[in-house]
Amino acid sequence: MAELAVNVDHVATLRQARGIHYPEPVAVAIAAETAGADAIVVHLREDRRHIQERDVRLLRQVVQSRLILEMAATSEMLGIALDIKPDCVTLVPEKREELTTEGGLDLITHQDAIREAVNTLKNAHIKVCIFIDPDIDQIKVAHTIDADMIEIHTGAFCDATTQGQKQKELIRIVNAAKIGTKLKLGVNAGHGIDYNTIKAFTGLSEINEFSIGHSIIGRSILTGIDQAVRDMKQLIKEL
Ligand code: PXP
Numbered sequence: 019m020a021e022l023a024v025n026v027d028h029v030a031t032l033r034q035a036r037g038i039h040y041p042e043p044v045a046v047a048i049a050a051e052t053a054g055a056d057a058i059v060v061h062l063r064e065d066r067r068h069i070q071e072r073d074v075r076l077l078r079q080v081v082q083s084r085l086i087l088e089m090a091a092t093s094e095m096l097g098i099a100l101d102i103k104p105d106c107v108t109l110v111p112e113k114r115e116e117l118t119t120e121g122g123l124d125l126i127t128h129q130d131a132i133r134e135a136v137n138t139l140k141n142a143h144i145k146v147c148i149f150i151d152p153d154i155d156q157i158k159v160a161h162t163i164d165a166d167m168i169e170i171h172t173g174a175f176c177d178a179t180t181q182g183q184k185q186k187e188l189i190r191i192v193n194a195a196k197i198g199t200k201l202k203l204g205v206n207a208g209h210g211i212d213y214n215t216i217k218a219f220t221g222l223s224e225i226n227e228f229s230i231g232h233s234i235i236g237r238s239i240l241t242g243i244d245q246a247v248r249d250m251k252q253l254i255k256e257l
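Numbering follows the working numbering, in which position 165 of the sequence shown is assigned residue number 183; successive positions increment by one, without gaps.
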């Protein structure tokens, strides 16, 4: 069964909207773990629009499963990662003006810088995952630069509005997952996955972990975080 990494960024989004001290992403992370989350994910962005450095430090102390830090491969973020030592870093591209991460890292263009970041993190015994589009050439570079894992960007599939588009994007994900596995990379998937789109991954046993945030935190407003995590775990179990 694939694992579920729960991203709690949007608890912090709500907190930052008022600039006050609640809701507390750390408390939600603990509740998500209690409900069966296999890992907790946060994205510390350069503009600190949701998660703050303080959140990552506290999470490092209390998370008992695995703490995954999403970040850009900048020297500032590398310094923070080496200091806090999450279990895994997922390298993502970052643009200030984007609403959320809009695409995978372009490893072909940024190969040297990313290779250096991968080395730095691995030397500190932090596992490294690279968030990339389901593109065979990109996956080959991820293998060449010695990443431990890839996270396949599922956004284009989840956002597709026609059946034809959906099918095309799903085939890209399936092929990417198979090539990644063949190259002995760990294969994760994430972005835009909700309680319906998750069902499309039925039978795709190459995917080790799904990284899901917005849909789970959104549902938790109605059901509570415990039920929201349990419902997603059940759907993953049925894949
Ligand atoms: N994976 C990565 C690399 C992301 O940047 C995000 C969004 O922060 C997610 C997964 C989770 O996406 P969503 O919130 O749409 O589930």
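Note that CB positions come from ideal geometry on N, CA and C, so glycine has one too. Here the structure is a predicted model, which is why all the values come from computation and not from measurement.
Roughly how many angstroms lie between the CA atoms of residue 122 and residue 38, to the nearest whole one?
32 angstroms
Return the first residue and the last residue of the alpha helix (DSSP H) that residue 175 is part of.
173–177
Using C-beta distances below 8 angstroms, list every residue in its chain close to residue 218, excluding the 5 sequence neighbours before and after it, in chain order.
For residue 218, where only same-chain residues beyond five positions count, the Cβ hits under 8 angstroms are 175, 184 and 188.
Give the DSSP-derived three-state secondary structure of residue 209 in the structure shown.
Coil at residue 209, not helix or strand.
Quick one: any contact between the segment 102–118 and the segment 73–90, if contact means 3 or more CB pairs under 8 angstroms?
yes
Where do the ends of the beta strand (DSSP E) carrying residue 89 lie?
85–89
Pull up the distance between the alpha-carbon of residue 138 and that of residue 51, whole angstroms please.
29 angstroms
How far does the beta strand (DSSP E) with residue 92 in it reach, from first residue to last?
Residue 92 -> no beta strand (DSSP E), and no H or E assigned at all.
Do you know whose CA, among 214, 227, 215 and 180, lies nearest residue 199's CA?
227
Expressed to the nearest angstrom, what Euclidean distance is found between the alpha-carbon atoms of residue 76 and residue 103?
12 angstroms
Return the CA-CA distance between residue 186 and residue 192, expressed in angstroms with no decimal places.
10 angstroms
Helix, strand or coil at residue 193 according to DSSP, with G and I counted as helix
helix
Give me, in chain order, the residues of the same chain whose beta-carbon lies closer than 6 angstroms to that of residue 190; leave out the 5 immediate sequence neighbours on both sides.
152
How many Å lie between residue 255 and residue 143 at the Cα?
30 angstroms
Beta carbon of residue 110: closer than 7 angstroms to some heavy atom of the ligand PXP?
yes
Tell me which residues share the same chain as residue 178 and place their Cβ nearer than 6 angstroms to its Cβ, disregarding the 5 neighbours each side in the sequence.
Here the set comprises 184 and 187.
If residue 61 sits next to residue 31, beta carbons under 8 angstroms apart, how far is it from one beta carbon to the other, in whole angstroms?
Incorrect: roughly 11 angstroms between the Cβ atoms, too far for contact.
Which of the three DSSP states, helix, strand or coil, is assigned to residue 254?
In the structure shown, residue 254 sits in a helix (DSSP, three-state: H, G or I).
How many angstroms separate the CA atom of residue 134 from the CA atom of residue 240?
44 angstroms
Report the rounded CA-to-CA distance for residue 146 versus residue 130, giving the unit in angstroms.
15 angstroms
Cβ of residue 219 versus every heavy atom of the ligand PXP: is any distance shorter than 7 angstroms?
For residue 219, the shortest separation between its Cβ and any heavy atom of the ligand PXP does not lie below 7 angstroms.
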